[in-house]
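According to mature numbering (1 follows the signal peptide of the UniProt record, and there is no 0), the stretch in the sequence shown is residues -24 to -1, 1 to 199, in order.
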Amino acid sequence: MRPLRYVAVLLVAVVLLAPGAALAAAPGAAAVGTVSLTFDDGPHATYTPQILDVLAAERVTATFCLVGTQAQRYPALVRRIVADGHRLCNHSMRHDNMSTWTPAQIEADLLAANAAIRAAAPDARIPYFRAPYGAWGQSAAVAAGLGMARLGWTVDPRDWSRPGTDAIVTAVLAQLRPGGIVLMHDGGGDRSQTVAALAVLIPRLRTDGWTFAVPPTLTPAAA
């Protein structure tokens, strides 16, 4: 094998085996693109474990945007999220609208949320920050200074409004484009429809040729 070709094969192998690499689409499906699943407002005692069970059964890695007070309330679930191999995202301490806050106020909040998460999982990496309500203000810049990338979204099925399982599935399929980041919720209310929709969406997306990946560290802003 020629040296350059050997190097190319090694590079491909590294990409495919790297942590967070996209999981393959269904056999025989034409490749469409990658999709990232993200869940906000948890952890929740009922719905986070159910979502984790679906993800484990389907072998999909997702990103969980945790609220600090919820992490304090359910530390065992924070540890399970990490143990299952999912990514963590800071979603503020109390889910406040930060759009008019000063950088100092934002930094204090984000540090408190990180501390709450790491009290449950001391070695956890928190590579992302997502502003509550998508109301960024100066929070993206502050988060960047703390080593967290702004995590936006490109697909919003408004699952928090409980429109019905079928409506959630239909909205995701209609809005999704290659590289899409799907916003869903595991906390903040009754998320039984989200759990049911997830169980339908993952196999459907695989059948349609999508692969699952974690978001890059530079992501689209919220619409």
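All residues carry an ideal CB built from backbone N, CA and C; glycine is no exception.
Expressed to the nearest angstrom, what Euclidean distance is found between the alpha-carbon atoms of residue i and residue j?
i, j, result
"Thr22", "Ala38", "18 Å"
"Met19", "Gly163", "Here residue 19 is Pro; the residue named in the question, Met, does not match the sequence. Rounded to the nearest angstrom, the two C-alpha atoms are 6 Å apart."
"Pro51", "Arg182", "32 Å"
"Ile82", "Met74", "7 Å"
"Ala189", "Gln114", "28 Å"
"Trp112", "Val43", "16 Å"
"Asp142", "Asp184", "17 Å"
"Thr187", "Val171", "19 Å"
"Arg180", "Asp72", "35 Å"
Return the chain-ordered list of same chain residues with a C-beta closer than 6 Å to the C-beta of residue i, the five sequence neighbours on each side being excluded.
i, result
"Val145", "Ala173, Val176 and Leu177"
"Leu31", "Ala38"
"Gly156", "Val11, Thr130 and Val131"
"Gln48", "Ala92"
"Thr45", "Arg70"
"Gly123", "none"
Per DSSP, residue i forms a beta bridge with which residues?
i, result
"Gly18", "Leu42"
"Thr10", "Thr187"
Residues in its own chain within less than 8 Å of residue i by CB, not counting five upstream and five downstream?
i, result
"Ala117", "Pro79"
"Thr14", "Ala38, Thr39, Phe40, Cys41, Cys65, Arg106, Leu127, Trp129, Ile157, Val158, Leu159, Met160 and Pro191"
"Asp29", "none"
Cutting at 7 Å between CB atoms, please list the residues of its own chain near residue i, excluding the five before and the five after it.
i, result
"Pro154", "Val8, Gly9 and Thr10"
"Val36", "Leu(-2), Leu13, Ile178 and Phe188"
"His62", "Thr37, Ala38, Thr39 and Phe40"
The stretch 161 to 176 touching the stretch 117 to 137, judged by at least three CB pairs closer than 8 Å: yes
Would you call the stretch 95 to 108 and the stretch 136 to 151 touching, i.e. three or more CB-CB distances under 8 Å? no
Where in the stretch 121 to 199 do unbroken runs of the beta strand (DSSP E), each at least 3 residues long, occur, reported from the N-terminal end onward? The qualifying runs are 156 to 161 and 186 to 188.
For the 8 Å Cβ check, are there 3 or more pairs between the stretch 63 to 71 and the stretch 86 to 98? The stretch 63 to 71 vs the stretch 86 to 98: in contact.
What ranges does the beta strand (DSSP E) occupy inside the stretch 50 to 118, keeping only unbroken runs of at least 3 residues that lie completely in it? 63 to 66
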